[in-house]
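Asks:
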Amino acid sequence: MYSDLEPILTSMASEIEWPEPSTGFAQRVIARIESQPVPHRGFPRWTAALAAGAALVAAILVFSPATREAVADLLGIGGVQIEYVAPRDLPTPAPGGSLDLGHPVTVAEAREVADFPVVVPKVLGEPDQVWFDTIVPKGMVSLVYLARPDLPGAAGTDVAVLITEFRGDLARGQFFKKMVATSTVETVDVNGAEGYWITGSPHSFFFEQDDRVIEETVRLVENVLLWVQDGVTLRIETAGSLHKALRIAESLD
Amino acid sequence: MEGRPAEDNELVERARQGDVGAYEELVRRYQHLALRVAYLITRDEGEAEDASQEAFVKAYRALDRFKSGSAFRPWVLTIVSNEAKNRRTSGSRRAALALRAVRARPSGGAAPSPEVAALDRETHSGVIAAMNALPDRDRLVLGYRYFLDMTEADMAAILGVARGTIKSRISRAQARLREEIDRRGGRDV
């Protein structure tokens, strides 16, 4: 139907004004590689640091920025790796508050298509929007609650709470998170599991799965409660307090 | 080396064993494509250059996790794409995709049918302008497919979506491009 655009687009390919790599591009990459040798090639980075647990998270926050950088790559806690980066290395939220969460579905449909039990928080009631995205193999479900008198909206959007759920296959796929050094991480008990409460600055999430690094598009830039429950990674993003987030988590069913 | 150039996987294996020169060859091989992918995403030349450099450094460090026998190109381009997305700034000074300046022709218009060339030029400028106005999702799909001539497999990897969805994504993006062109009054395109 729109095939007439194809030959036009194809013929335009050679006319695009592309930037050229700067002179010495490859040499500069190599120079950087050689100046910072891989510290732990082949190191099983996810398992080795597990035992260190919360103490490491707490400790790293008071290290100097240089030390943070050096150890961040080694720090793997419960399948969540935390990497400190400069603020400019973080994506900015999509303009217009678009959260880009996949396809709209109903809760019933999400339960049908997702490969895990989809839970909904009783204290908030039915979500205003439900989304299903295949950015994560086996699917990711997002529940959106819009701002209302008892739920303040997150900065720059009319969304108050965003809950995402996906099968957290921590043995194969890994989950990690970038944050700036001014963020804080607190380990908290969420429904009997170890979770993380991350506040303070923008951060974004990444997955490694089947040798691919998948960046999740940035969602709300707000506080995040993150934990794994029955093999499912759950995340609550909210402008509200830890207490509120825990109450939402407890009521998930 | 003489004869045929080394295969990507051969270079990857050598790089894994510490042959930095082999990795440099891979960087040279894909630097242009990497920069174009990063530029499509960031629409900023400096950010695109930084992102692709950083991506090649990160890819080197991640070589252990590269699955032997799989394709290096989509793997490294996925890292480039992620890095570029990270660097995307809030859009204050986004450049737009542009067409190369028309090459100066000898006076007297020796080029064949200059009217046709001019018409093409106008059409192409209209299409580029419409493309620049599309949301990232559509612009990237069209850019990867038509401007960078990527395979469906590469596109699926870089976009992080199932391969089976690529065709429909392309036709959806085309439809949106068509709408945008129409909206701009370019119905004759």
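One line per chain: the protein sequences are B and U, in this order.
Just so we're aligned, residue 22 is where the first sequence starts under the working numbering, counting upward by one.
Just so we're aligned, residue 1274 is where the second sequence starts under the working numbering, counting upward by one.
Where is the CB? At the ideal position from N, CA and C, for every residue including glycine.
All figures in this text were calculated on a predicted structure; none of them were measured in a lab.
1. On a CA-only basis, which of Arg-1394/U, Tyr-1419/U and Ala-1307/U is nearest Ser-43/B? Give me that one, please.
2. When the Cα atoms are used, what is the spatial distance from Met-1428/U to Arg-1418/U?
3. Given Arg-1287/U, which residues of its chain have a CB within under 7 Å of its CB, disregarding the five upstream and five downstream residues?
4. Do you know offhand how far Pro-65/B's Cα is from Asp-171/B's?
5. So Gln-1457/U and Ala-1403/U are in contact, right, with Cβ under 8 Å, and what is the actual spacing, rounded?
6. Ends of the beta strand (DSSP E) at Phe-46/B?
7. According to DSSP, is Glu-41/B helix, strand or coil?
8. So the beta strand (DSSP E) Leu-183/B belongs to, where does it begin and stop?
9. Cα-Cα, which of Ser-1325/U, Arg-1412/U and Phe-1420/U is closest to Tyr-1303/U?
10. Can you check whether the C-beta of Asp-1292/U is within less than 8 Å of a C-beta belonging to chain B?
11. Scan the stretch 1419-1438 of chain U for residues whose Cβ lies nearer than 7 Å to a Cβ of chain B and list them as they occur along the chain.
12. Between which two residues does the alpha helix (DSSP H) containing Phe-1345/U stretch?
13. DSSP state of Gly-216/B, grouped into three classes?
14. Any idea if Ser-163/B is buried or exposed, counting beta-carbon neighbours within 10 angstroms, 16 or more meaning buried?
15. Take the Cβ of Val-144/B as the centre, count every other Cβ of all protein chains shown within 10 Å, and call the residue buried at 16 or more, exposed below.
16. Answer with yes or no whether the minimum CB distance from Pro-40/B to chain U is below 8 Å.
17. Taking the straight line between their C-alpha atoms, what separation do you get for Val-1330/U and Asp-1323/U?
18. Once you ignore the five residues that flank Ile-1431/U on each side, which residues in its own chain have a CB closer than 6 Å to its CB?
19. Whose C-beta lies closer than 7 Å to the C-beta of Arg-1449/U among residues of the same chain, with five residues either side of it excluded?
20. Which chain B residues sit within Cβ distance under 9 Å of Arg-1309/U?
21. Quick check: what's the CA-CA separation for Ala-76/B versus Ile-219/B?
22. Does the beta carbon of Arg-1316/U sit closer than 8 Å to a beta carbon anywhere in chain B?
23. Examine the ligand ADP and report whether any of its heavy atoms sits within less than 7 Å of the Cβ of Gln-1326/U.
24. Going by the CB atoms, is the gap between Met-33/B and Glu-1397/U shorter than 8 Å?
25. Beta-carbon within less than 7 Å of Ile-29/B's beta-carbon, same chain only, minus the 5 sequence neighbours each way: which residues are those?
26. For Pro-125/B, list the residues DSSP reports as bridge partners.
27. Start and end of the beta strand (DSSP E) containing Thr-254/B?
28. Which of the three DSSP states is assigned to Leu-1336/U in this structure?
29. Taking the alpha-carbon of Ala-1328/U as reference, which of Arg-1442/U, Ala-1357/U, Gly-1319/U and Glu-1283/U has the nearest alpha-carbon?
30. Which residues does DSSP list as the beta-bridge partners of Leu-247/B?
31. Hey, would you say Ala-47/B sits closer than 8 Å to Val-1300/U, going by beta carbons?
32. Rounded to whole angstroms, what's the CA-CA distance from Leu-263/B to Val-165/B? Just pull it up for me.
33. Output, in chain order, the set of chain U residues within a Cβ distance shorter than 8 Å of Ser-43/B.
34. State the beta-bridge partners of Thr-208/B as determined by DSSP.
35. Using 8 Å for Cβ pairs, my map puts Ala-135/B next to Gly-160/B. What's the rounded Cβ distance?
36. Spell out whether any CB of chain B is found under 8 Å from the CB atom of Leu-1450/U.
Replies: In brief:
1. Taking only the C-alpha atoms, the option nearest Ser-43/B is Ala-1307/U.
2. If I take the Cα positions, the gap works out to 8 Å.
3. Excluding sequence neighbours, Arg-1287/U sits near Ala-1295.
4. Note that Pro-65/B has pLDDT 29, beneath the 50 cutoff, so the model's placement of it is unreliable and no number is given.
5. With the sequence shown as reference, residue 1457/U is identified as Arg, and Gln is not the correct amino acid for it. At roughly 6 Å, the Cβ-Cβ gap stays under 8 Å, so Arg-1457/U and Ala-1403/U are in contact.
6. No beta strand (DSSP E) holds Phe-46/B; the alpha helix (DSSP H) holding it covers 46-56.
7. DSSP, read as helix, strand or coil, puts Glu-41/B in coil.
8. Note, Leu-183/B: beta strand (DSSP E), 180-188.
9. Selected option, being the one with the closest Cα: Ser-1325/U.
10. By the rule that beta-carbons nearer than 8 Å mark a contact, Asp-1292/U does not touch chain B.
11. Within the stretch 1419-1438 of chain U, the residues whose Cβ lies closer than 7 Å to some Cβ of chain B are Tyr-1419, Phe-1420, Asp-1422, Ala-1430, Gly-1433, Val-1434 and Ala-1435, listed in chain order.
12. Here the alpha helix (DSSP H) through Phe-1345/U covers 1345-1360.
13. If DSSP states are grouped into helix, strand and coil, Gly-216/B belongs with the strands.
14. Ser-163/B should be labelled buried.
15. Classification for Val-144/B: exposed.
16. Answer yes: the Cβ-Cβ gap between Pro-40/B and chain U drops below 8 Å somewhere.
17. Near 11 Å, if we compare the C-alpha coordinates of Asp-1323/U and Val-1330/U.
18. The beta carbon of Ile-1431/U sits closer than 6 Å to the beta carbons of Leu-1350, Thr-1351 and Ser-1354 from its chain, once the five residues preceding and following it are set aside; these are given in chain order.
19. Excluding residues within five positions, the ones whose Cβ falls inside 7 Å are Leu-1407 and Asp-1411.
20. Listed along chain B, the residues sitting closer than 9 Å to Arg-1309/U by beta-carbon distance are Ile-37, Trp-39 and Pro-40.
21. Confidence at Ala-76/B is low in this model, with a pLDDT of 26, below 50, so its placement is unreliable and the value that follows should be read with caution. Distance between the alpha carbons of Ala-76/B and Ile-219/B is about 15 Å.
22. Not closer than 8 Å to any Cβ of chain B, the Cβ of Arg-1316/U fails to qualify, so no.
23. In terms of ligand content, the structure shown is empty, and the ligand ADP therefore cannot be addressed.
24. Sequence inspection shows His at residue 1397/U; the Glu mentioned does not correspond to that position. A Cβ-Cβ contact shorter than 8 Å links His-1397/U with Met-33/B.
25. Cβ contact annotation for Ile-29/B (same chain, cutoff 7 Å, sequence separation greater than five): none.
26. In DSSP, Pro-125/B forms a bridge with Trp-152/B.
27. Counting along the chain, the beta strand (DSSP E) containing Thr-254/B begins and ends at 253-259.
28. Note: Leu-1336/U maps to helix in three-state DSSP.
29. With distances taken between Cα atoms, Ala-1328/U lies closest to Ala-1357/U.
30. Bridge partners of Leu-247/B: Tyr-217/B and Arg-256/B.
31. Contact flag set, yes.
32. Each residue's Cα considered, the two are about 18 Å apart.
33. Against chain U, a Cβ distance below 8 Å from Ser-43/B picks out Glu-1322.
34. Answer by DSSP bridge pairing, in chain order: Tyr-217/B.
35. The pair is a contact, with the Cβ atoms about 5 Å apart (cut-off 8 Å).
36. At least one chain B Cβ lies under 8 Å of Leu-1450/U.
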